[in-house]
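Quick notes on the structure that follows.
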Amino acid sequence: MKLTVCVVLLVVLVLLLPDESAGWWRRRRRRHCSRVNCAWGNWGSWGACTAQCGATGTRTRTRIVATHAQCGGSGCSGSSSETQPCNRGCPNGTPSGPRCICTGTGFTGTCCNTDIDECRDGSHTCNSEHGVCTNTEGSYTCRCDTGYAGDGRTCISTNAGTGWQRVSGGLKFVSVGRSGVWGVNRNDQIYYRTGTYRDEASAGSGWVRIDGALKQISSGDNIVWGVNSNDDIYIRQGICWYSPGGTSWRNIPGKLKQVHVSPTSNQVWGVNSGNNIYRRTGITASNPVGTGWQNIGGQLKFVSVGRAGVWGVNSNDQIYYRTGTSGNENVPGTGWERVSGSLKLISSGNGVVWGVNSNNQIYVRAAACPPTYELVAVNGNNKCLRFSARGDRKNYQAASLTCRGQGARLVVIKSAALDTFIDNRIRTTYAAETWIGLDDLTAPSSQYRWSDGSVLGARDFNDWSRGQPDTIYREKCVEIRPQFSYHWNNHHCNLLKNYICEIGARPGTSQGSSWYRIGGSLTGVHISSSSNQVWGVNSANNIYRRQGITPVSPKCEG
């Protein structure tokens, strides 16, 4: 009975306290729950890139939660997606937004991955008559005909002639220039070749003895310079068409063992017995004698000045070119550049240099620019430019064809520095409307394209005159217009204007790239920079003239 009563009381007690008992039971169960932290699943695959190339491409991938947090576990940290750069860069061009800039690469397309066939589209610089163009990936090569030198990109005439013609007489030194052919023999007697004054391509008809005694001589333009055995310096005065042998010698103060005058500019350089180098100052058209001597740093035993610049050789037969003088004879230059090879004597012509070595072998080197072109260095880049003469005016298409026929193209202007140089040259020479290599002749309309095939972009350098280019008159070709303060203007392509051709300077240097051996044996050789005619003498004092050289004329400045 007592046991029964106890059981009943216990049941009643449990019924009276249900919440507390349940809570206690739940608390007991929570003490056995395991803490679980959040966990990410694996990353998914990367999505597509937003650009094929350029500077802005990105791609994204995502992930989801694999395990959620439980029993107070920590949540997942980090983002459910991530982005990274992709396809940034250009295999051949310069990244710009979601594309590449291909200018000057030899490729085209959004990513500059489509090769331009320069041989097919005509944008190559091979000489069309004397070089064969072969397309390569991103470029092209030129195979040059005999008589033309190439660097793989251009073919430039070495104008080396076809052979040697023996000329009667005996001389130890000979020089050719606008004043004709002059020379001295082993007794220092002076001779002029009749019939060669202002006709350098002529072999002449005989030798005329000139009074005086010189050991070395140089023919200029209506002036002849020379030095005697005592290193005294003389000029020949009174040279003209009715007196090609001149009238008298005039002593010039100073001492030089060798002197050279350019027949295109009458600029004079020389060296003394100590191999010190001097340049004549103050030379002008009205004063071809000049006013004094400027010492130039360096040591040379022989120096020559011409349209191809100032060249010299030292006592070790090492060859040097004076920087800044190619196509610009009137300046002293800025320094000496060592040139490969070994010569004992050298002569600077127009776009070409001749020399002989210690074995009397003859060599020729095509200089940085072909004849009639001048070297222009802008922003570290070299170009060879030819400004048409004052009376040489053509329509746009004819001007373009003329340039292409010389292995060149109408000039491309992509910098303010080059534009300023060209403007100043036009101002100070013929001051006339001048075609440049920019036109709107190819689709799409109103998109101007340079002669090198590149498009003039909105952010590219330009020098348009205010309100230009306009479209109302269907003017498609671009000129530099003096009436618009020498800014650019689009005009009718059929109008006659001056024009500017450009060709790339031979790679790497201002002085060409290779020496080419010429048959024969000479102790001395001389080329005229006004005609590129060549004369020389051998060890027996026999005189030779190079045949087959096509005369060239220096660029007319006005």
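As numbered in mature numbering (1 follows the signal peptide of the UniProt record, and there is no 0), residues -23 to -1, 1 to 535 make up the sequence shown, in order. Note that beta-carbon positions come from the ideal geometry of N, C-alpha and C, so glycine has one too.
Return the bridge partner residues of residue 427 from the DSSP annotation.
415
In three-state terms, what does DSSP make of residue 390?
coil
Taking the beta strand (DSSP E) that residue 181 belongs to, which residues open and close that run?
Careful: residue 181 lies outside any beta strand (DSSP E) and carries neither H nor E.
Please report how far the alpha carbon of residue 334 lies from the alpha carbon of residue 469, in whole angstroms.
54 Å
What ranges does the beta strand (DSSP E) occupy inside the segment 228 to 285, keeping only unbroken runs of at least 3 residues that lie completely in it?
Runs of the beta strand (DSSP E) inside the segment 228 to 285: 235 to 238, 245 to 248, 253 to 258, 269 to 276 and 279 to 283.
For residue 217 and residue 240, what's the separation of their Cα atoms in angstroms?
14 Å
For a quick check, are the C-beta atoms of residue 213 and residue 197 less than 7 Å apart?
no
With DSSP collapsed to three states, give me the class of residue 536.
Nothing in the structure corresponds to residue 536, since the chain is present only between -23 and 535.
Can you look up residue 343 in the DSSP assignment and give me helix, strand or coil?
DSSP places residue 343 in strand when its eight states are reduced to three.
Determine the contact status of residue 172 and residue 156, defining contact as a CB-CB distance below 7 Å.
no
When burial is assigned at 16 or more other CB atoms within 10 Å of the CB, is residue 522 buried or exposed?
buried
Return the first residue and the last residue of the alpha helix (DSSP H) that residue 406 is part of.
Run containing residue 406: none; DSSP gives neither H nor E here.
From residue 40 to residue 446, what distance separates their C-alpha atoms?
Approximately 55 Å, taken between the alpha carbons.
Grouping DSSP H, G and I as helix and E and B as strand, with all else coil, what is residue 108?
strand
Output needed for residue 50: all residues of its chain with C-beta closer than 6 Å, excluding positions within five of it in sequence on either side, in chain order.
12, 13 and 14
Roughly how many angstroms separate the alpha carbons of residue 515 and residue 338, rounded to a whole number?
10 Å
Roughly how many angstroms separate the alpha carbons of residue 281 and residue 459, rounded to a whole number?
38 Å
If I'm right that residue 28 touches residue 75 with Cβ under 8 Å, what's the distance once you round it to whole angstroms?
4 Å
Who does residue 92 pair with in a DSSP beta bridge?
Beta-bridge pairing links residue 92 to 84.
In the DSSP assignment, the alpha helix (DSSP H) including residue 211 goes from what residue to what residue?
Looking at the DSSP string, residue 211 is not in any alpha helix (DSSP H); the run it does join, the beta strand (DSSP E), is 209 to 214.
Which residue's Cα is closest to the Cα of residue 16: 387, 473, 47 and 30?
Nearest option by C-alpha distance: 47.
Do residue 202 and residue 195 have their beta-carbon atoms positioned less than 7 Å apart in this structure?
The Cβ atoms of residue 195 and residue 202 lie closer than 7 Å to each other.
Pair every Cβ in the segment 266 to 286 with every Cβ in the segment 242 to 257, then say whether three or more of these pairs are closer than 8 Å.
yes
Measuring CA to CA, which of 382, 397 and 526 is closest to residue 511?
526 is the residue among 382, 397 and 526 whose C-alpha sits nearest the C-alpha of residue 511.
If you run the structure through DSSP and keep just helix, strand and coil, what is residue 481?
strand
Could you tell me whether the Cβ atoms of residue 325 and residue 267 are closer together than 7 Å?
no
Between the Cα of residue 351 and those of 330, 394, 371 and 305, spot the shortest distance and give me the residue it belongs to.
Among 330, 394, 371 and 305, the Cα nearest to that of residue 351 is on 305.
Tell me the DSSP secondary structure of residue 97 in three-state form.
It is helical.
Per DSSP, what are the beta-bridge partners of residue 190 in this structure?
166
Between residue 251 and chain D, is there a C-beta pair that is closer than 7 Å?
The chain inventory of the structure shown lacks chain D, comprising one protein chain alone.
Cα separation between residue 505 and residue 327?
8 Å
So, at 6 Å on beta carbons, what are the nonlocal neighbours of residue 486 in its own chain, with the 5 sequence-adjacent residues on each side left out?
Residue confidence is low: residue 486 scores 49 on pLDDT, short of 50, so the model does not pin down where it sits. Its coordinate-derived value is still stated next. So the list is empty, once near-sequence residues are dropped.
Express the C-alpha separation of residue 466 and residue 530 in angstroms, rounding to a whole number.
For residue 530, the pLDDT reaches just 39, beneath the cut-off of 50, and the residue's location in the model is therefore unreliable, leaving the point undetermined.
Which one or two residues does DSSP pair with residue 468 in a beta bridge?
454
Hey, how far is the Cα of residue 331 from the Cα of residue 295?
14 Å
If we ignore side chains and look at the alpha-carbon of each, how far apart do residue 430 and residue 413 end up?
14 Å
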